[in-house]
Amino acid sequence: MTVTTKKLTFAEYLKYSDATDTQYELLDGELIPMSLGTGKHGGISKFLERSFDDESAFRDKNWTAQKFSVGVRSPRSGRWDTSRIPDVVVLPTQQWEALSNREAVIELNEIPPILVVEVVSESTQTTDYRSKRSEYAVLGIPEYWIVDPIQEVVTICTLVEGFYDAVAFRGQERIISSTFPHLDLSAEQILAGHK
């Protein structure tokens, strides 16, 4: 569902306000409202944000995980701009701090995030599995997690020569992440949003 009939440039998108708390992604110049998602969706996102932060601190990585607060400008072809807001983004702390005095959007000419997560909902299934997967690969994001509570699967996509190799994890299977190789979580724990 789009909101405006007028296409927006990226600069207009960054300044757009409709005086509500609604967050929007920009897709080919059109505003796409992001639904709040279910409590489970938010719980999974918060759990992963905490898990990534804890693991980063334990492994002495200067990384931060941010939930619903970092946009990623997308290189979709065409005349109009696209910007995504992943459910969770892992990025170097220095890069996060550099966003403190400007819109928290990682531009095309900037270092891509280390990892992004999308939690699938009924309305985002196709986008999460297809569009975002190809966009994040083109951006060079090393790892993309698709957490799907509908199909009860966690898919870890690892960038290899410009394309994502995907491995699906279910139930008690321990996820394997090249970014967080020591993270001890099963697909079931991630989908439940707690250990």
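Quick note on numbering: the sequence shown equals residues 84 to 278 in the numbering used here. The beta carbon of each residue, even a glycine, is placed where N, CA and C say it ideally should be.
Rounded Cβ spacing between residue i and residue j (contact assumed at less than 8 Å)
{"i": "W146", "j": "P169", "result": "Wrong, their Cβ atoms sit about 15 Å apart, outside the cutoff."}
{"i": "E235", "j": "R253", "result": "6 Å"}
Assigned secondary structure, residue i (DSSP; H/G/I helix, E/B strand, else coil)
{"i": "A187", "result": "coil"}
{"i": "E138", "result": "helix"}
{"i": "Y107", "result": "strand"}
{"i": "K98", "result": "helix"}
{"i": "Q178", "result": "helix"}
{"i": "L274", "result": "helix"}
{"i": "L266", "result": "coil"}
Spatial neighbours of residue i in its chain, beta-carbon cut-off 7 Å, leaving aside the 5 residues before and after
{"i": "G245", "result": "A220"}
{"i": "H124", "result": "V202 and S204"}
Nearest candidate by alpha-carbon position, reference residue i, set the options
{"i": "E190", "options": "V155, D267, L242 and K278", "result": "V155"}
{"i": "L222", "options": "I197, Y212, I239 and T210", "result": "I197"}
{"i": "S72", "options": "L110, K90, T92 and V236", "result": "Only positions 84 to 278 of the chain appear in the structure, and residue 72 is not among them; the question remains open."}
{"i": "R185", "options": "K90, F135, A94 and V230", "result": "A94"}
{"i": "V237", "options": "S261, P225, Y247 and Q272", "result": "Q272"}
{"i": "V173", "options": "F263, S269 and V250", "result": "F263"}
{"i": "T291", "options": "S128, G276 and Y96", "result": "Since the first and last residues shown for the chain are 84 and 278, residue 291 lies out of range."}
Contacting residues, own chain, Cβ-Cβ under 6 Å from residue i (five flanking each side not counted)
{"i": "S261", "result": "T241"}
- With a floor of 3 residues, list each beta strand (DSSP E) that falls wholly inside the segment 198 to 246, ordered by position along the chain. 198 to 202, 226 to 231 and 236 to 243
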